[in-house]
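Numbering (this note's numbering), first residue to last: 16 to 196.
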């Protein structure tokens, strides 16, 4: 049974949390465009069809078919996903992870924290995003420099809380922008 209203509410609530986090992290303008592809028919229809409320509908689609077309569409259009950042290495002739730009690592962090808040609900703690990350094998699939930054921030969130972590990330982004000038 499809749940288009529940799915719409979930993705919109998530998106709004990411936007708030992006402003706290110093990339507010970028946050305004977060996950707009989730409203496209390619992603929204499977999202409503496989909606569960406690985890991503992409996981249910993957359980059923061994892959998620909605996820493949999403990761190919949203640069805050480390899976987007794979390219052909001309020496090895294999697709390998490449370093993510800082602003997309920042958005990825904001996305992970917001997703943890949505899916964990009242059980969310500042350690939730780190716990989810360490249960998976994302590090093995992303460039080491990207993983190092993400892990530093997830650990900081778990140890020092949101206020200090977002202040730190905002300063890192501010310094990176100044360095570019």
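We put the beta carbon where it would ideally sit given N, CA and C, even for glycine.
These numbers were taken from a predicted model, which means no experiment stands behind them.
Proximal residues to residue i (C-beta, below 7 Å), its chain only, five neighbours per side dropped
i           : result
residue 131 : 139, 143, 144 and 147
Environment of residue i [buried if 16+ CB atoms lie within 10 Å]
i           : result
residue 41  : buried
residue 179 : exposed
residue 61  : buried
residue 48  : exposed
Cβ pair residue i, residue j closer than 9 Å
i           : j          : result
residue 124 : residue 29 : no
residue 22  : residue 59 : yes
residue 57  : residue 84 : yes
residue 88  : residue 96 : no
residue 191 : residue 94 : no
Sequence-distant residues of the same chain with beta carbon closer than 6 Å to residue i, five excluded per side
i           : result
residue 171 : 180
residue 26  : 53
residue 271 : Within the shown structure, residues of the chain are numbered from 16 to 196, placing residue 271 beyond reach of any answer.
Helix, strand or coil at residue i [DSSP, three-state]
i           : result
residue 47  : coil
residue 94  : coil
residue 99  : helix
residue 112 : strand
Selection from the options that minimises the alpha carbon distance to residue i
i           : options              : result
residue 70  : 153, 127 and 175     : 127
residue 141 : 150, 168, 50 and 118 : 168
residue 183 : 195, 97 and 165      : 165
Distance cut-off 8 Å: residue i Cβ against heavy atoms of the ligand ZN
i          : result
residue 72 : Of ligands this structure carries none, so the ligand ZN is not represented either.
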